[in-house]
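Asks:
Protein chains in written order, with the working numbering: chain A, 1 to 410; chain B, 411 to 831.
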């Protein structure tokens, strides 16, 4: 391929890996981001005009909608190149096929019926690109009676079993179960998809053979619930919000938010007592042992909360840290971004983007000693790299590109 | 299962010092992909998850449960379902890491391994003499991953590793639950989220080694895993300095976007409407064309503004019907809908069954177990459950003989020094 874009002498874990991403919002894009952030070249293919739906999602700076400044898009697409191609048209798919001829991995989130109609199912792709790894990320996987059913991260949380346990507490049984916050279940599917993709690439590099990696968002969440399933298959216990009562700790309100404590055993409970200044009630018979505390957990929570109400999260955390008491802050966004610990670890990335200026993004959770994670380029503007990728690399003339643009293909 | 084609990581060897949940899940995923995973264990200081009531540690009925079903003392460490289901297909070698001889054997095993994993508190592997600097000298291309609550460096690196705490510190607890209710903790799923990220980082390091022949050290922070999977809410702070709150099932773009009660006890369906076409399809499928003409719901902004009223109307309709009936009806009409499944329902679900989401294994003490299989289907080199979890020390002799050429008397002495039940 021609048209080298970056000059970077630091080694990267996935340098040389060529990825095409046809995916929107979070699950597929997070998979692509994980690879791009470790040095893979990820070319994201978006529908011309509207782009990835994440471009319309926000949050936008000052709430002014701008497809190039949507926080959701910016976060999930760092380090990628962006092109537009309408894969619902023959011309758009011809461009995609040209890209795939030079790629190692295709990530897509098209539903199986749709993919087959456009010859983007694995069997059709393998005819032309036998060494291509094709990773599909769909709500329910590509086989089975629900293969073509729609769904987002909320559906994955509910159909995968996690939502039925949230929020824990019998007092919520008249309210609906909820998904975990953020886009976390989409990200779960993205992480699994990235792992499966790299395993297939590992095999491809050794043998020259591609394959299909089929990821179901429902099964991503189900996988994380394997212990809950174990309770049912081993003991017939069906966990719910009602049974899922915390017995050894909880979150309790303090002066400016919530803290979380976990008195798994007696020594840890003693530390929590010490953190509170050693009140006598902590060693009363009802609270002294793990078993008795779990029977009186509501009173324990109330009493810890009574104490916590007089203190701030920061005060409580400082006291807890001094004696290693099992207590954490229920952190809010501002606390995360101002954490000295996270800054010290180099967790955050300063990213400059033409639509937003310099912004601090959450980074990656790992430090790799030889091949550090880093943001080399911000998320692409819509079609930003059309000329580079379609023109310089694939050799289409500028007249052709103008024509394709007029047709709405790119 | 011998006729199953090998997984993509066949031939790789992983030395697993993982305990509890997050570390062992990383290596479970590698095992599903065909790697050989050797757990280092000790009876003197067993993985707490091996204790029989680990699964019910926070449940006051566990004592009664165990009293009703007493375990023979010899099987005391072999009856944990929780341990079993995250250690499928692994090998177990019992050695005592508090003795110089045990450490020497651990080093020899690391010398013939590709990956070493631990999720002890930061510093423990160094104190045992098994830190990256040492292992790297023994095997220059070794890949080592340490997973901990807040990472192995930084001022809070001594944080305690409880899932509820790092889920809270990572920011997800605050964002889970109803806006007017308490924040909601997650437990088991949180640990496994961390483990799944560990497996990804290991694969990336493996690809780098495949290309360059170089290993490396990976420091994985559980708290940061959670923070990096949030997305929009943190970007709102990044761009606008706003501190978002939890929103139940609601979504900034789609409305309705919630779970609604169905016929039956505590049965729910999740429904999301992302486009005008889906909105029309929902109104038609529900038999409520008047919703479309209602000025409160005329545009997506109106629907968002009157979301609670709309949720109430939708639920008045859903509560007259069963979950599965509604899911089929809505999906046929082009509306995204899924049941809120209990684990019993998931276990019996026809779609999951047809996809082979569960695998049956046979364990010497637990008997027949149906477990959740791998999260992917790989068409040429299948990921698979290759067997039950090992008994503690089940493979001490066979592994030490095969890999280190150790005679049986020596390996049995080592195994015995790791304690008896």
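A virtual CB, placed ideally from N, CA and C, is assigned to each residue, including glycine.
Can you tell which of B:634, B:693, B:568, B:618 has its C-alpha closest to the C-alpha of residue 184 of chain A?
Replies: Taking only the C-alpha atoms, the option nearest residue 184 of chain A is B:634.
Asks: So, does the CB of residue 118 of chain A fall closer than 8 Å to a CB anywhere in chain B?
Replies: No, residue 118 of chain A does not count as interfacial toward chain B.
Asks: Among A:119, A:133, A:297, which one has its Cα closest to the Cα of residue 103 of chain A?
Replies: Among A:119, A:133, A:297, the Cα nearest to that of residue 103 of chain A belongs to A:133.
Asks: Apply the 10 Å Cβ neighbour rule to residue 6 of chain A and answer buried if 16 or more other Cβ atoms are within range, or exposed otherwise.
Replies: With a pLDDT of 48 at residue 6 of chain A, under the threshold of 50, the predicted position of this residue should be treated as unreliable, though the coordinate-derived value follows. The residue is exposed, with fewer than 16 neighbouring Cβ atoms inside 10 Å.
Asks: Nearest chain B C-beta to residue 223 of chain A closer than 8 Å, yes or no?
Replies: By this cut-off, residue 223 of chain A is an interface position.
Asks: What residues of chain A sit near residue 790 of chain B, judged by a beta carbon separation below 7 Å?
Replies: What residue 790 of chain B touches in chain A: 209, 211.
Asks: If you measure from the beta carbon of residue 647 of chain B to each beta carbon in chain A, is any gap under 8 Å?
Replies: It does: the Cβ of residue 647 of chain B has a partner Cβ on chain A nearer than 8 Å.
Asks: Spatial neighbours of residue 383 of chain A within its chain, please: CB distance less than 6 Å, with the 5 preceding and 5 following residues excluded, ordered by chain position.
Replies: Excluding sequence neighbours, residue 383 of chain A sits near 84.
Asks: CA-CA distance, residue 225 of chain A and residue 162 of chain A?
Replies: Approximately 7 Å, taken between the alpha carbons.
Asks: Could you name the residues of the region 589–611 of chain B whose beta carbon sits closer than 7 Å to any beta carbon of chain A, in the order they occur along the chain?
Replies: The residues in question are 591, 592, 593, 594, 595, 596, 598, 599, 602, 603, 606, 607, 609, 610, 611.
Asks: Nearest-angstrom Cα distance between residue 598 of chain B and residue 545 of chain B?
Replies: Going by the C-alpha atoms only, they are around 31 Å apart.
Asks: Does chain A have any CB closer than 8 Å to the CB of residue 627 of chain B?
Replies: Yes, residue 627 of chain B lies at the interface with chain A (some Cβ there is under 8 Å from its Cβ).
Asks: Counting only beta-carbon atoms, is residue 631 of chain B nearer than 8 Å to chain A?
Replies: Taking Cβ atoms only, chain A reaches closer than 8 Å to residue 631 of chain B, which makes this a yes.
Asks: Run through the region 53–114 of chain A for me and flag every whole beta strand (DSSP E) of 3 or more residues, listed as ranges in chain order.
Replies: DSSP runs (the beta strand (DSSP E)) wholly in the region 53–114 of chain A: 81–84, 105–108.
Asks: Is it buried or exposed, residue 595 of chain B, if we count other Cβ atoms within 10 angstroms and call 16 or more buried?
Replies: Buried.
Asks: Would residue 316 of chain A pass as an interface residue toward chain B - the criterion being a Cβ-Cβ separation below 8 Å?
Replies: Not an interface residue.
Asks: Going along chain A in order, which residues have a C-beta closer than 7 Å to the C-beta of residue 654 of chain B?
Replies: Going along chain A in sequence order, the residues near residue 654 of chain B (Cβ under 7 Å) are 333.
Asks: Kindly indicate which three-state DSSP category residue 158 of chain A falls into: helix, strand or coil?
Replies: Of the three classes helix, strand and coil, the one that applies to residue 158 of chain A here is helix, per DSSP.
Asks: When you compare the CB of residue 301 of chain A with every CB in chain B, is at least one pair closer than 8 Å?
Replies: Not an interface residue.
Asks: Taking three-plus beta-carbon pairs below 8 Å as touching, is the region 602–621 of chain B in contact with the region 530–546 of chain B?
Replies: In short, these stretches do not touch, since the Cβ pair count stays below three.
Asks: From residue 135 of chain A to residue 663 of chain B, what does the alpha carbon distance come to, in whole angstroms?
Replies: Distance between the alpha carbons of residue 135 of chain A and residue 663 of chain B: 27 Å.
Asks: The region 186–197 of chain A: which residues have C-beta closer than 7 Å to a C-beta of chain B, in chain order?
Replies: Correct list: 187, 188, 191, 192, 194, 195, 196.
Asks: Please report the distance separating the alpha-carbon of residue 417 of chain B from that of residue 764 of chain B.
Replies: Residue 417 of chain B and residue 764 of chain B: Cα-Cα distance of roughly 22 Å.
Asks: Does any residue of chain B bring its CB to less than 8 Å from the CB of residue 286 of chain A?
Replies: Not one chain B Cβ lies under 8 Å of residue 286 of chain A.
Asks: In the DSSP assignment, find the unbroken alpha helix (DSSP H) run with residue 510 of chain B in it and report its ends.
Replies: Residues 510–521.
Asks: Against chain A, does residue 560 of chain B count as a neighbour if the rule is that its beta carbon must be under 8 Å from one of theirs?
Replies: With 8 Å as the cut-off, residue 560 of chain B counts as an interface residue toward chain A.
Asks: Name the chain A residues whose beta carbon is nearer than 9 Å to that of residue 820 of chain B?
Replies: Going along chain A, no residue has its Cβ under 9 Å from residue 820 of chain B, so there is no contact; the nearest lies around 35 Å.
Asks: To the nearest angstrom, report how far apart residue 240 of chain A and residue 149 of chain A are at their CA atoms.
Replies: Cα to Cα, residue 240 of chain A sits roughly 26 Å from residue 149 of chain A.
Asks: Among B:784, B:489, B:439, which has the Cα closest to the Cα of residue 216 of chain A?
Replies: Checked all of B:784, B:489, B:439; the closest Cα to residue 216 of chain A is B:784.
Asks: Would residue 412 of chain B be called buried (16 or more neighbouring beta carbons within 10 Å of its own) or exposed?
Replies: At residue 412 of chain B, the pLDDT of 47 sits below 50, so the modelled position is not reliable; the number obtained from the coordinates is stated separately. Under this definition residue 412 of chain B is an exposed residue.
Asks: Going by DSSP, which residues form a beta bridge with residue 629 of chain B?
Replies: Looking at the DSSP assignment, residue 629 of chain B forms a beta bridge with A:367, B:556.
Asks: Tell me which residues of the region 241–255 of chain A have at least one Cβ-Cβ distance to chain B shorter than 7 Å, keeping chain order.
Replies: Under the 7 Å Cβ criterion, the region 241–255 of chain A contributes 246, 247, 248, 249, 251.
Asks: Which residues in chain A sit within 9 Å of residue 529 of chain B, going by Cβ to Cβ distance?
Replies: The premise fails here: residue 529 of chain B is roughly 13 Å from chain A at the closest Cβ pair, so nothing lies under 9 Å.
Asks: Examine chain B for any beta-carbon lying closer than 8 Å to the beta-carbon of residue 352 of chain A, and answer yes or no.
Replies: For residue 352 of chain A, the answer is no, since every Cβ of chain B falls outside 8 Å of its Cβ.
Asks: Where do the ends of the alpha helix (DSSP H) carrying residue 441 of chain B lie?
Replies: Element bounds for residue 441 of chain B: 432–442.
Asks: Do you know offhand how far residue 694 of chain B's Cα is from residue 770 of chain B's?
Replies: Answer to the nearest angstrom: the Cα atoms are 43 Å apart.
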